[in-house]
Amino acid sequence: MHTVGGMSGKWFEGYTTDGFFDEAVDGGGGLRPHYESIASTLDALDPADLTRAERRRNAAFRTQGITFTVYAEDDESTDIERTFPMDLVPRVIPADEWAFLERGLIQRVTALNRFLDDLYVGGMQIVKDGVVPRWLLITSDGFTPEAFGVPVPLGARCLVAGIDIIRDDQGAYRVLEDNLRCPSGISYVVENRSALMRVLPQLFATEQVQPVDQYGSMLLHALQRVGPPAAGDSPTVVVLTPGIYNSAYFEHVFLASQMGVELVEGRDLVVEDHVVYMRTTQGLRRVDVIYRRIDDDYLDPVVFRPDSALGVPGLMAAARAGNVTIANAVGNGVADDKAVYAFVPEMIRYYLGEEPIIDNVETFLLWDPDQRATVLDRLDQLVVKPVAEAGGYGLVIGPHATDAELAAARQQILDDPRNYIAQEVISLSRHPCLVEDHLEGRHVDLRPFVLSGEDVEVVPGGLTRVALRKGSLVVNSSRGGGSKDTWVLAHAAGDASADGEDPGEATEVLTAPVRTAGLHPVGRR
Amino acid sequence: MRFDVRYRTVFSYDEQVSESQNELRACPTTSETQRLLDYRVTIQPAARVFSSVDAWGTRVDAFGIRRPHDSMTVIAEASVETSGSVMPAAAPRLEALRQKGFVDEYVEYLQRDRHTDFGAEIARAAAEQVDLVAPDVIGAILAIHRFVGQTLRYTPGSTEVGIAVDDVFAGGVGVCQDYAHLAVAMCRSVGIPARYVSGYLFTERDDVGSPAETDAVVVQTHAWFEAAVPGAGWLGLDPTNGQIASEHHVKIGHGRSYDDVQPLRGVYLGPGNSDVEPVVEIRRVPPIDLWRSGANVSVSAVDAVPADLPLGVRRYSDPHPSGSSIRQQQLQQQQTGAVRTGSLRSGHDLPERPAPGKRNQHTRT
Amino acid sequence: MLARTAEYLFWTGRYLERAEDTARLLDVTYHRLLEATPGHEEVEAWLDVLRAVGLADEFEVSGRTLDGWSVSEYLVLDPANRGSIRQCVTQARSNARGVRELLAVELWEALNSLHLDLQSRDLALDVQLQPHELYGLIRQGVQSVIGVVDGTWVRDDAWRFFMLGLLLERAEMGVRSLRIRQSRHDEDVHEWFATLRAASALGAYRRRYATFEPEALIELLLLSSTLPRSVLFSLRGAETILTDLVADERSLSLRLLGRLRAELEFADPIELVGPGLESTLEVVEARIREVAAAVAAESFLYRVDLGLHSLHLVPGGDPR
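And the structure:
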């Protein structure tokens, strides 16, 4: 138990880290340097100020419709639209830590792109060289024979990747999960920033924070780079959404408007002679790149689910003919498989000849008799996960599980060892969160967004998700999670000069952090 | 033997169809026992065809029609030369099926899918057949082949596509597709990799399989199966008529089951129903030359499959039961959330915009 | 613009206008009946409201009793009635939500606020205790949305489709109210005044006409070129917009609308009034619907009215 000492601030009074790695407070109870300016800004505020700010933020999100929807079973009129709660204390990542993460993320996504291209159009060299077993890929739920031979310009298969990062009890960053299909959450990154700037501009007064509102142009640029050769320099890009009933619909709207492109549904698109067009009031208009937020299974009823009304009949043939690019590429799910995840460090070594910069969480592969035996012995100390689920579904956390749950997990492993993995329980790092009139530590993770086009780039920061319930490790929005604005500092804490950035970029950073229209942080020097 | 195959399917619709998008898999493959000499696809109304080769090595001709039409004719004409399967000389033992490299190479043909998801009854029957001839793999394959031929009674129209293989087994009747799926499922249940084959058979009767007396027959597409023999490759067998795949079998392609090598799959948009009339004419023609290929399929060897990996144990479950509304589908995207079952109530006599998921109200005004 | 987007905007306009018109009708009917004696007349009056919004048959099917409370509840908040005000606003909002990326933030916020307001209120209680306030609030809510539209929306095709939907709905609703009122063949001044009030036209009427004259009513509500809620006024607006929207001069929708507008423009109110009026109004109403259908056929065609069927072939069996 550490209580933060030496702080005059009322906010950290009685704040304890409870032995967890805390983002803001070090093991000795002192505030980490990159949180000092936030702490002093907070000191000037009363709890009532923050409560008011929170109310303003919630009201703004609600009227703007920045919501996800919890759908009722059978009655449309009882659907509930919820805002994704945002804690007002931002998470801060110092420039040097971010530089490390950025390098690691670029390395990882580069290798994953290479792997998927190798798998679907490259003849599976990695299998022939004995690095990843063939059977493991073939038996993955995400393995998609229909994607064979479908070209992706620049091999940018994971055009948008959301890599879930956590910190262990030593504070080391580790990759928990790769989301390479349709990762969502980027709209919250941008909206959280703009909301925080609106309700608590004071916080930005003394820090140089890297901006995030360039996401739309970064994404558009990446999408334009992967256009089919025939489309030339400025291919027509669209965002393909399942429609307004989808829980992430707000984000689809957000992306289309940030990029200034059409938001289309499947029924707006048509394929003629293996070319995709959208139906406009002026007739058909050619489409070159589709940023789709629809699962593979629904994309084309000719090839996948025949009853899919969300997709576009003939789309896959158009993609195969090289007349349209689908991003993210079809078939990426195989690399989301948590058993395949365990091989990502090997992929990095194989394709790039480098050592992984960010480590995986140590993972037990349960088809291996020795590893399985170890896991079954220690089931009550480990986390068991189904390989194909995202978002924490099907998770069994050994130390918190009942005997019956453990027995069920044991049976599932024995029945189907390929489709489960086990990991050590990692107590996610904690971060101070506003709880009524004081701060308490809550567990957080981080989902940075990585874009692949000509180059692989990372949006500074990412979505910090918070398990708002005390002691909970579940950060998913559908299950009581919230989020935080995530700051990447423009330079290292206490270092006034740009941290190793080239001068041009540094200037950009210095002028850009608060360029959201009409916002002028109070007291900025 | 050399054949000219003319595959012709006419889809006629009750009412005008505004759009149709399709994939045709009707082109005979080239393999160790077969060579394609000529192939041509004609679509009416005319449509541009895009051809490619799928993951299973089958030629796919994709085409779409985007004009109102009330019928669609698909014609695929092929000239092909065949020589039949030869019984392998090797005599591998059942243990060879568990070799790491073998499982790794054929793993996709050991999994279940919706057509081959077998239950305990099928597994027990297969195990009994295998026990009779153990430890010989080829003997096991032939025993299963024979068993399927004796267990099912050939009954055209008795089953529908999508029938569960357990139901085929329990029902005891079927057509060639059911024979093939049952044989594939039984092989897989005892660890023998097996795949579904689609093709044409030069015979007047599928169930007898004797070569036609005349030089031309009118048939439908046919289905049989192939099983992998350790050290020897694939062995083609036709359980519907109790034959080894012969020079009268013209193979289009193979896959894990029917879904991978459907002769024609597609969708059309329109109000009505369709009627299908598929006809295959096979004509025997004098051979032009003798041809044999020595090409071998390259084999990848990854020494990583654990010996006791219980493959194919997991029952197949359809992740997306069909018949859901557009709203349900929108909901299902990227979430394991609620699925709505109620239907939207239709409105009043005021003009009303069709809500997403609501159809056929567009022109009510 | 995407065909579907255009349709969403069109229906956002229509549903908003429908919500407002329904509120106006309920408001004036409620107030008129406060002065009347209960009984037969009241039932007739509520039936007229249902007919004017085109929901008389649906109402009957719903099995409700035909009285003020029940009709009001049905038209304001019944979730099963897609024509209820709450549902109209919800649908206007869902349609707008489908084109969020095209709407100015203020517009979306105004529409969303109206929606959230109606969702959070106890409408049943409002209908019972303060109907006038409620209807006023709905009218103001819709008008504040339209005010934002008017004051902020760039006059692009998106705006045009929105306004086209709104104006065609207003014209159709206007004709229908007139027709229903007309079909009574009575000369009840109060009823007519209610109809005028629902169209915000009572003041204009009093200023222009000293006495109650049926042709004066027709002149004002159907043929006025200055009263914003007259049928002709709405159709003229729609025609201007459609001319800008449609590139092809031979467009069916434009021809239909132009012909209808011209016929009304040059009609003689004295000739119209009489036994043939009701059928004339019926024809006008049908023509407005034809215009809307033609707009849909020309601009909104996408994959919506078509079923999706899969094709497959089963091997084996007897060749045919």
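Keeping their order, the protein sequence lines are chains A, B and C. The opening residue of the first sequence carries number 235 in my numbering; numbering runs sequentially from there. The opening residue of the second sequence carries number 1286 in my numbering; numbering runs sequentially from there. The opening residue of the third sequence carries number 26 in my numbering; numbering runs sequentially from there. Idealized CB from N, CA, C, for every residue including glycine. Small disclaimer: the values here were computed from a predicted structure and weren't measured.
Kindly list, in the order they appear in chain C, the residues whose Cβ is closer than 8 Å to that of residue i.
| i | result |
| --- | --- |
| Asp321(A) | What Asp321(A) touches in chain C: nothing, since even the nearest Cβ is about 24 Å away. |
Mind checking if residue i is an interface residue toward chain B, Cβ cutoff 8 Å exclusive?
| i | result |
| --- | --- |
| His140(C) | no |
| Asp412(A) | no |
| Pro462(A) | no |
| Arg644(A) | no |
| Leu544(A) | yes |
So residue i contacts chain B; which residues on that side make the cut at Cβ distance below 7 Å?
| i | result |
| --- | --- |
| His334(C) | Val1552, Tyr1553, Ser1559 |
Just to check my reading of the structure: residue i and residue j have Cβ atoms closer than 8 Å, yes? What is that Cβ distance to the nearest angstrom?
| i | j | result |
| --- | --- | --- |
| Phe237(C) | Val200(C) | The pair is not a contact, with the Cβ atoms about 21 Å apart (cut-off 8 Å). |
| Leu697(A) | Tyr422(A) | 6 Å |
| Thr470(A) | Asp522(A) | 5 Å |
| Cys416(A) | Arg527(A) | 5 Å |
| Ala1425(B) | Val1415(B) | 4 Å |
Could you name the residues of chain C that residue i contacts, counting a contact when the two beta carbons are closer than 7 Å?
| i | result |
| --- | --- |
| Val487(A) | Arg125, Glu126 |
For residue i, would you say it is in contact with chain C, using Cβ-to-Cβ distances shorter than 8 Å as the test?
| i | result |
| --- | --- |
| Leu457(A) | no |
| Thr470(A) | no |
| Ile478(A) | yes |
| Pro737(A) | Since pLDDT at Pro737(A) reaches only 35, below the 50 mark, its modelled position is unreliable, and the value read off the structure follows with that caveat. Closer than 8 Å: no. |
| Glu307(A) | Confidence is the limiting factor: at Glu307(A) the pLDDT is only 48, short of 50, which leaves the residue's position unreliable, though a coordinate-based value still follows. Chain C contact via Cβ: absent. |
| Glu380(A) | no |
| Glu496(A) | yes |
| Gln341(A) | no |
| Ser481(A) | no |
| Glu499(A) | yes |
Which residues in chain A have a C-beta closer than 9 Å to the C-beta of residue i? List them in chain order.
| i | result |
| --- | --- |
| Asp1421(B) | Neighbours of Asp1421(B) on chain A: none; closest Cβ ~25 Å, over 9 Å. |
| Leu137(C) | Residue identity check: residue 137(C) is Asn in the sequence provided, not Leu. Neighbours of Asn137(C) on chain A, chain order: Arg296, Thr297, Gln298, Gly299. |
Please confirm if residue i has its CB atom under 8 Å from at least one CB of chain A.
| i | result |
| --- | --- |
| Ala1508(B) | no |
| Phe1454(B) | no |
| Asp1634(B) | At Asp1634(B) the pLDDT is 39, less than 50, meaning the model places this residue with poor confidence; the figure from the coordinates comes in the next sentence. No, no contact with chain A. |
| Gly1349(B) | yes |
| Gln1396(B) | yes |
| Ser1337(B) | yes |
| Arg164(C) | no |
Along chain A, which residues have their Cβ under 8 Å away from the Cβ of residue i?
| i | result |
| --- | --- |
| Ala28(C) | Asp502, Arg513, Thr514, Thr515 |
| Leu2(C) | Only positions 26 to 345 of chain C appear in this structure, which leaves residue 2(C) out of reach. |
Whose Cβ in chain A lies nearer than 7 Å to the Cβ of residue i?
| i | result |
| --- | --- |
| Val1388(B) | Trp369 |
| Glu1393(B) | Ile372 |
| Ser1443(B) | Correct list: empty, because the minimum Cβ distance to chain A is about 23 Å. |
| Val130(C) | Gln298 |
Quick one: list the residues of chain C neighbouring residue i, beta-carbon separation under 9 Å, in chain order.
| i | result |
| --- | --- |
| Glu506(A) | Result: empty, since nearest Cβ-Cβ is about 13 Å, beyond 9 Å. |
| Ser491(A) | Arg125, Glu126, Leu127 |
Is the segment 331-341 of chain A touching the segment 169-186 of chain C, taking contact as three or more C-beta pairs under 8 Å?
The segment 331-341 of chain A vs the segment 169-186 of chain C: no contact.
Flag this pair as touching only if the segment 620-637 of chain A and the segment 428-445 of chain A have three or more C-beta atom pairs under 8 Å; answer yes or no.
Contact between the segment 620-637 of chain A and the segment 428-445 of chain A is absent: fewer than three C-beta pairs spanning the two stretches fall below 8 Å.
Suppose only complete runs of 3+ residues qualify. What are the beta strand (DSSP E) ranges in the segment 554-589 of chain A, listed by chain order?
Those beta strand (DSSP E) runs which fall completely within the segment 554-589 of chain A and span 3+ residues are 559-561.
Which full runs of the alpha helix (DSSP H) of 4+ residues lie inside the segment 1452-1529 of chain B, going along the chain?
As far as the segment 1452-1529 of chain B is concerned, its whole alpha helix (DSSP H) runs of at least 4 residues are 1461-1474.
Assess, as a yes-or-no matter, whether the segment 1380-1388 of chain B is touched by the segment 1426-1444 of chain B under the definition of 3 or more beta carbon pairs within less than 8 Å.
Touching, no.
Can you confirm whether the segment 571-579 of chain A touches the segment 641-661 of chain A when touching is taken to mean that 3 or more C-beta pairs between the two stretches lie within less than 8 Å?
Two segments are said to touch when three or more pairs of C-beta atoms, one from each, lie closer than 8 Å; by this definition the segment 641-661 of chain A touches the segment 571-579 of chain A.
Quick one: any contact between the segment 1443-1457 of chain B and the segment 1481-1496 of chain B, if contact means 3 or more CB pairs under 8 Å?
By the Cβ criterion, the segment 1443-1457 of chain B is not in contact with the segment 1481-1496 of chain B, since fewer than three pairs of Cβ atoms, one from each stretch, lie closer than 8 Å.
Mind listing, in chain order, the continuous beta strand (DSSP E) runs of no fewer than 3 residues lying wholly within the segment 395-456 of chain A?
Contiguous beta strand (DSSP E) elements confined to the segment 395-456 of chain A occur at 407-413, taking only those with 3 or more residues.
Which residue spans inside the segment 464-522 of chain A form an unbroken alpha helix (DSSP H) run of at least 4?
List check, alpha helix (DSSP H) in window: 483-493.
Check whether the segment 81-88 of chain C and the segment 186-203 of chain C touch, using three or more Cβ-Cβ pairs below 8 Å as the test.
Segments in contact, no.
Ignoring anything shorter than 3 residues or poking outside the segment 1521-1570 of chain B, list the beta strand (DSSP E) runs there in chain order.
Secondary structure in the segment 1521-1570 of chain B: the beta strand (DSSP E) runs of 3 residues or longer, each lying completely within the stretch, are 1534-1540, 1549-1554, 1559-1570 in chain order.
Could you pull out every unbroken alpha helix (DSSP H) segment of at least 4 residues lying fully inside the segment 311-395 of chain A, listed in chain order?
The segment 311-395 of chain A contains these whole alpha helix (DSSP H) runs: 329-355, 359-362, 368-372.
Do the segment 1500-1516 of chain B and the segment 1467-1483 of chain B meet, that is, are 3 or more Cβ pairs less than 8 Å apart?
The segment 1467-1483 of chain B and the segment 1500-1516 of chain B touch, with three or more beta-carbon pairs separated by less than 8 Å.
At least three beta-carbon pairs within less than 8 Å, the segment 1496-1504 of chain B to the segment 1301-1308 of chain B:
In the pairwise beta carbon analysis, the segment 1496-1504 of chain B is classified as not touching the segment 1301-1308 of chain B: fewer than three pairs are separated by under 8 Å.
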